[in-house]
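Presented below is the structure to which this report refers.
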Amino acid sequence: QGQPATALPAPAADEVAYIIYTSGTTGTPKGVAIPHRNVTRLLETLDAEMGLTAQVWTQCHSLAFDYSVWEIWGPLLYGGRLVVVPDPVVRSPEDLHALLVSEGVTVLSQTPSAFYALQAADALAP
4 QGQPATALPA PAADEVAYII YTSGTTGTPK GVAIPHRNVT RLLETLDAEM GLTAQVWTQC
64 HSLAFDYSVW EIWGPLLYGG RLVVVPDPVV RSPEDLHALL VSEGVTVLSQ TPSAFYALQA
124 ADALAP
């Protein structure tokens, strides 16, 4: 019960953080090992430019898409809150808009087409 007596060792920068699979457009999908340094650099760079501390983030993208790494680890690293959006809500601009408002989301990433659909839902919202 409680915390372990000793801290876990920090991973080395060149150790594998996760493996993501290519789309397979040139044949069979291949696993690509992403080291901790790449993940750390991504998140440090974004925070320096965007001030991401204590924000409310959404995780809308598939876990098979590398952008989900930013969506998930960003809030966890910077003391924010993560709202995991169910797939049916992601696919419904009206439902997504309602969720964003009710959860007070401040960090959202969408494709241009999804953003335009969300913008239209916002215009129709009461």
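First residue of the sequence shown: 4, per the working numbering; consecutive thereafter.
The beta carbon of each residue, even a glycine, is placed where N, CA and C say it ideally should be.
Model, not experiment: these values are computed from the prediction.
Would the region 90 to 98 count as touching the region 122 to 129 if we require 3 or more Cβ pairs under 8 angstroms? yes
Can you tell me whether residue 87 is buried or exposed, with buried defined as 16 or more other CB within 10 angstroms of its CB? exposed
Would you mind listing the alpha helix (DSSP H) stretches within the region 24 to 90 that are 4+ residues and don't spill past its ends, in chain order? 39 to 53, 70 to 81
Chain-order list of residues whose beta-carbon lies under 6 angstroms from that of residue 39 (same chain, five-residue window excluded): 14, 16, 18, 20
Is the distance from the Cβ of residue 74 to the Cβ of residue 62 below 7 angstroms? yes
Closer than 8 angstroms by C-beta to residue 64: which residues in its own chain qualify, once you throw out the five before and the five after it? Chain order, please. 70, 71, 74, 112
Taking DSSP as the reference, what is the three-state secondary structure of residue 108? coil
Please say whether residue 82 and residue 1 have beta carbons closer to each other than 7 angstroms? Absent from the structure is residue 1, since the part of the chain shown begins at 4 and ends at 129.
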